[in-house]
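To start, the structure under review is shown below, and the notes come after it.
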């Protein structure tokens, strides 16, 4: 067996070392990924578009760059982009019929930075339509299946990216997280994912859902891999008006720091009613592991956390209704046939182009922002947003990080959430608060309940991604949950 | 569907129906759903309206749990880090990408976007 045929079992860091040592070329790596996608993605549906020719050309360029002595740590490594990031000359659909015909005229900053680092784009991954969903079933391009059990969802909205990683189609993938859309699919698919602090990663070219909550991030097998990717995509971007002008540290510089004396907050609200007993037991075991590594567990309280679901379902739809007003059938995207007049053009193009969940959120947002209701809904939600953020600020006065489950359960069965949006919304109860507060968070594989992966959520102070990566890396030195692969794709 | 929407556009009364004083929250009628859909420029299939009314009402019922906490003395938080909008120098920085951008447009002519005739 030649070394590049088992690349799907390697971490990004291992592949980086293998490329540097000349064990295989980027072209070989890329071919191996493309052939796995071709063989197995029929079962998973994780890709909307595979860009094989572009990928092989980019791999050749990466190999030339290495031969010329100018390769970096990510040069030649294949990755998949969530199809919410604009990619010049390549269809960028956002999982919607609205953008089924949209070829982006420019690259998102995340895409161009990873390209400059020499990474090879394999294609664009499936997602809930406009990133609105927690199951990936709202995609116009069909549901994605969980590689651990194809009767289950991969989570959402970045379900295609998480599933592609879990199935070994790519060693790295991008995602976005507005209410848990990186952490929850990472948990459901047994991979590592990080949602950075709001503003850490540029939103330029990332199709907007809820602009005060949206944040780009990454999936990989390990925390170390996530740190390498995050290093390349982080930092100020003048093209994003909310980009944080904050120094970018060496994210992996402190991976091996001793955890002795670190204080980890355990919020009582994360362990209440609704949390599956097996998931709870696994999270408690993970917390004991941290204790064994010298951390001190401290009980903390986030008394307004239960209000994050109602507050989120005002703030996010309100911003979405405004952001998605750009899809008017005039400048790009779907246009209805034979419009009678301008009103007809708008009404039918939008009705035909958007799916049900997107329509629901646009309407909730339009309602919440309408005259006479603005104070009762939008301002009220923003006031609650402050209470939620202040709870975290207070908790972080006494702890270095906070830990708990990512989701109350393992992956749902396909169809289980159909027709009941509120039930789906409630399943995001542990993830939404971070977005409202702008905090960084991770999902780290922490075991299996009934054969399905469970993620441990780690929450950090603003801009302390390095602290989170240190916590996650140390845990991954003592456990091997992150290296498990589903038997059908091993 | 379309006729209904156009009728609504001319009915300022219908739109102002959203401004009921005292804020009558909770359950949405099918008529209200049609109004909201029109405001959001979504031509809903009449058959689908009752289901939207049910779903949207249950979302609003969830949202209204916000009322369980008093926030009279709490300032709204618009930005998680409370940063203000960055300003830039008032200089031209964008280059002309019109041709590139219009590649994805459904209908253009001479660099202009085409829409159905607006003025007779």
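Protein chains in written order, with the working numbering: chain A, 106 to 595; chain B, 41 to 160. Glycine is no exception: its CB is placed at the ideal position from the N, C-alpha and C atoms.
Length of the line joining the Cα atoms of residue i and residue j
i, j, result
"residue 156/B", "residue 565/A", "52 Å"
"residue 126/B", "residue 404/A", "38 Å"
"residue 541/A", "residue 280/A", "18 Å"
"residue 254/A", "residue 411/A", "31 Å"
"residue 449/A", "residue 430/A", "15 Å"
"residue 501/A", "residue 539/A", "13 Å"
"residue 514/A", "residue 534/A", "11 Å"
"residue 77/B", "residue 86/B", "11 Å"
"residue 398/A", "residue 163/A", "42 Å"
"residue 386/A", "residue 437/A", "49 Å"
"residue 128/A", "residue 148/B", "52 Å"
"residue 415/A", "residue 109/B", "12 Å"
"residue 382/A", "residue 259/A", "21 Å"
"residue 184/A", "residue 233/A", "20 Å"
"residue 482/A", "residue 454/A", "28 Å"
"residue 532/A", "residue 377/A", "13 Å"
"residue 537/A", "residue 478/A", "23 Å"
"residue 143/B", "residue 356/A", "40 Å"
"residue 137/B", "residue 442/A", "27 Å"
"residue 256/A", "residue 520/A", "9 Å"
"residue 151/B", "residue 170/A", "40 Å"
"residue 123/A", "residue 585/A", "21 Å"
"residue 434/A", "residue 546/A", "37 Å"
"residue 421/A", "residue 307/A", "19 Å"
"residue 166/A", "residue 195/A", "19 Å"
"residue 272/A", "residue 74/B", "44 Å"
"residue 276/A", "residue 114/A", "9 Å"
Under 8 Å between C-beta atoms of residue i and residue j
i, j, result
"residue 486/A", "residue 106/B", "yes"
"residue 274/A", "residue 146/A", "yes"
"residue 391/A", "residue 561/A", "yes"
"residue 335/A", "residue 143/A", "no"
"residue 121/A", "residue 179/A", "yes"
"residue 188/A", "residue 154/A", "yes"
"residue 215/A", "residue 388/A", "no"
"residue 369/A", "residue 549/A", "no"
"residue 452/A", "residue 88/B", "no"
"residue 152/A", "residue 460/A", "no"
"residue 117/B", "residue 466/A", "no"
"residue 492/A", "residue 114/B", "yes"
"residue 301/A", "residue 322/A", "yes"
"residue 324/A", "residue 380/A", "no"
"residue 121/B", "residue 186/A", "no"
Residues that residue i bridges to, as DSSP identifies them
i, result
"residue 564/A", "507/A, 546/A"
"residue 371/A", "404/A"
"residue 257/A", "518/A"
"residue 251/A", "254/A"
"residue 558/A", "553/A"
"residue 153/B", "148/B"
"residue 299/A", "323/A, 547/A"
"residue 523/A", "For residue 523/A, which the question treats as bridged, DSSP gives no partner whatsoever."
"residue 306/A", "339/A"
"residue 225/A", "183/A"
"residue 280/A", "322/A"
"residue 152/A", "230/A"
"residue 333/A", "DSSP, once it has assigned bridges, lists no residue as partnering residue 333/A."
"residue 529/A", "Answer is none; residue 529/A lacks a bridge partner."
"residue 311/A", "190/A"
Proximal residues of chain D, C-beta to C-beta of residue i below 9 Å
i, result
"residue 543/A", "Among the protein chains in the structure shown, which are A and B, there is no chain D."
Quiz item: Which runs of the beta strand (DSSP E) spanning at least 3 residues fall entirely within the stretch 121-146 of chain A, listed in chain order?
Solution: none
Self-check item: Uninterrupted beta strand (DSSP E) stretches inside the stretch 469-519 of chain A (no shorter than 3 residues)
Solution: 506-510
Self-check item: Length at least 4, wholly inside the stretch 72-126 of chain B: the alpha helix (DSSP H) runs in chain order
Solution: 89-103
Quiz prompt | Touching by the beta-carbon criterion (3+ pairs, under 8 Å), the stretch 302-320 of chain A and the stretch 87-106 of chain B | solution = no
Quiz item: Would you call the stretch 575-593 of chain A and the stretch 326-333 of chain A in contact, with 3 or more CB pairs under 8 Å?
Solution: yes
Quiz item: What runs of the alpha helix (DSSP H), each 4 residues or longer, lie entirely inside the stretch 167-223 of chain A?
Solution: 214-221
Quiz item: Which whole runs of the alpha helix (DSSP H) in the stretch 394-463 of chain A are 4 residues long or more, in chain order?
Solution: 413-428, 447-458
Practice problem: Evaluate contact between the stretch 290-304 of chain A and the stretch 263-270 of chain A, counting only Cβ atoms and requiring at least three cross-stretch pairs below 8 Å. | Solution: yes
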